[in-house]
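Just below is one structure, and these are the notes that go with it.
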Amino acid sequence: MGEIAISLNNVSKCFKRYRHPVDRLKEILLPGKVRADEFWALSHINLELPKGKTLGIVGRNGSGKSTLLQIIVGTLAPTEGQVNVKGRISALLELGSGFNPEFTGRQNVFFNGQLLGLSQSEIEDKFDEIVAFADIGDFLDQPVKTYSSGMFVRLAFAVATSVDPDILVVDEALSVGDEAFQRKCFARIETIQERGGTILFVSHAAAMVVELCDSAILMHDGELLLYHTPKTVVDKYQKLIYAPPGKVEKLCENIRQLNRDKGQESVATELAKLSANSSVPPAAKWPGVEQAARAFFDEDLQPKNTIHYESRGAEIIDPHILTLGDKKVNYLVGRHEYVYTYTVEFFESATQVRFGMLIKTISGLDLGGASYPFSEKPMQRVEAGRKVVVKFRFKCLLNPGVYFLNAGVSGIVNGDFTYMARCIDVAMFKVQQEGNLSATGTVDLLVKPSVALVESEADPKPKQIELI
Ligand SMILES: Nc1ncnc2c1ncn2[C@@H]1O[C@H](COP(=O)(O)OP(=O)(O)OP(=O)(O)O)[C@@H](O)[C@H]1O
Ligand SMILES: [Mg+2]
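Have a look at this one:
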């Protein structure tokens, strides 16, 4: 692994909580009489983040995310343990920090810029760019206390990222901006990533964490439960927030076990694999040498975080993809046809039975699927003890990348309409990169481009050029 940008060694943070505000004063005046309850907001955090990586931080409200960021940034001191940070750090913490509400936006740019270590003339040089990015119009000369939270974060983000930080820390703030602004922020975050910057990023938006981060951590009651790939962490986080209270502790123990099992090395290997499997196709290429890819099966390409919803009378078995010649594959060739198939074993009799499939991107976006039989004609009845083989033939109109599959069976059991079995990310496949593909994005729209050369303005019919 490369240089370490941030390391935390056994960091804990204890807050004192006073039952009455006056107790705080009494404690100072009458030392020895403890009047505060101790509350450990962080306990024994160990973390190493390599330079140039983006780390996502997820966890329930109150799990310690903001406290952790503040300790890294240095606005809070740890009660125990050591923190090491290499490089210039710029932070967008909770709304309000670093800004004076009585000052105008303009004054705050200078005030905040100085806090970030910029000189007056450096801020002047960057001022126009900051204002253009924030794009808050006349509000620039209004006191910040009159801003909406969206305006506020626009200005704060513009200042925080204008200093070319080595390390950027963002605490959730982006979620209050509108979509267009969020897009702009991500573009800027990507620029910082490309320049080799290190980023820490708290977010409740799972897709954002998966899309932007190289790795992620899951916080729970002040404990770092899991440090893993973004997809694994987000899956566990979602399981945790939807778990009934009685099952939380057991689930935490499973997650701790996963964290112990993996070790540092496997995070690095998984990261390498994941970036090799990235769903973002490489930049468009001009048509070149045709390279016929072939579909094949690789055992290592298996989903690691399948979620099985509790079964109600049926089980989905052996989901996989076949070529039209019945060969099992998980490396596919774009624009070819395949069959997604699984077997359903029924433990209870059901009526109005229907089978479903869905293909998703690595960040969880639903791309397309189907349910069968169609609504007018569900399968009238399946008896307990029967097995059914379901097949979905589809054309792989997807660009190179990794994709995940769901499977589900619904029906009426004992008078209730229900999902009888349902699995998320039960299979995965990779669409291979081919030499002659110029498509970009996720979906292959079978685009047929053509180019014509305009000789003169008067030319009624520009000449088509053959590029291949
Ligand atoms: N200054 C403080 N004094 C006492 N307790 C505090 C203080 N700051 C935070 N805490 C407590 O520490 C715990 C962790 O808080 P923190 O703000 O880090 O959570 P969080 O994960 O960022 O939550 P959220 O998702 O709501 O932002 C909470 O129980 C909070 O009440
Ligand atoms: Mg917080």
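So in numbering that gives the first Met the number 0, spot 172 of the sequence shown is number 171, and the numbers just go up one at a time. Glycine residues also receive a C-beta, built at the ideal position from the N, C-alpha and C atoms.
Short Cβ contact (8 Å threshold) for residue i with residue j
i	j	result
Y330	A294	yes
V152	V175	yes
E210	S89	no
D424	I240	no
G195	V143	no
A383	F345	yes
V391	M356	Going by the sequence as given, residue 391 is Phe instead of Val. Cβ distance < 8 Å, so F391 and M356 count as in contact.
G97	L114	yes
Where the beta strand (DSSP E) through residue i begins and ends
i	result
S42	35-49
S11	3-17
D365	365-371
G410	400-412
R194	First-last for R194: undefined, no H or E at that position.
D297	Note, D297: premise wrong, no beta strand (DSSP E); not H, not E.
Y226	222-227
H219	214-219
D170	166-170
Where residue i falls: helix, strand or coil (DSSP)
i	result
Q379	strand
C251	helix
V446	coil
I340	The identity of residue 340 in the sequence shown is Thr, whereas the question assumes Ile. The answer is strand: DSSP assigns T340 an E or B state.
N60	coil
P243	coil
I315	strand
L92	coil
F428	strand
I361	coil
F346	coil
T417	strand
V21	helix
K327	strand
R353	strand
T53	strand
T145	helix
T305	coil
F138	helix
A76	coil
Range covered by the alpha helix (DSSP H) that runs through residue i
i	result
E128	119-133
F110	104-114
P459	No alpha helix (DSSP H) holds P459; DSSP gives it neither H nor E.
F151	148-161
E210	205-211
K394	Note, K394: premise wrong, no alpha helix (DSSP H); beta strand (DSSP E) at 386-394.
R87	Taken as a continuous stretch (DSSP letters only), R87 belongs to no alpha helix (DSSP H), as it is neither H nor E.
Cβ neighbours of residue i in the same chain (closer than 6 Å, five flanking residues each side left out)
i	result
I198	T53, L167
G410	A349, Q351, V352, M419
N83	S6
G221	W39, A40, L41, S42, G63
E79	S11
R187	T160
T417	R311
A205	V233
L46	L7
I122	F109, G112
Residue environment, residue i, which counts as buried when at least 16 other CB atoms sit within 10 Å
i	result
P30	exposed
Y308	exposed
F373	exposed
V453	exposed
V450	exposed
G1	exposed
P20	exposed
I464	exposed
L364	exposed
I27	exposed
S455	exposed
7 Å Cβ shell around residue i - same chain, five flanking residues per side excluded
i	result
K235	L217, L225, I254
P77	V10, S11, K12, I70
A438	N398, V446
R16	A35, D36, F38
F102	F110, P142, V143
T190	none
Contact set for residue i: own chain, Cβ-Cβ below 8 Å, skip 5 residues either direction
i	result
R380	S348, A349, T350, V352
T342	I315, I316, D317, K386, V387, V388, V389
V412	R311, G312, E347, S348, A349, M419
C472	With the chain represented from 0 up to 467, any question about residue 472 goes unanswered, as that position is not in the structure.
L68	I56, A90, L92, V168, D170, L199, V201
G116	R87, V162
Residue-chain proximity (residue i, chain C), Cβ-Cβ < 8 Å
i	result
A172	Going by chain labels, chain C is absent from the structure shown, which holds only one protein chain.
Contact shell at 5 Å, judged by CB to any heavy atom of ligand 4, ordered along the chain: What this structure holds is ligand 1 and ligand 2, not ligand 4.
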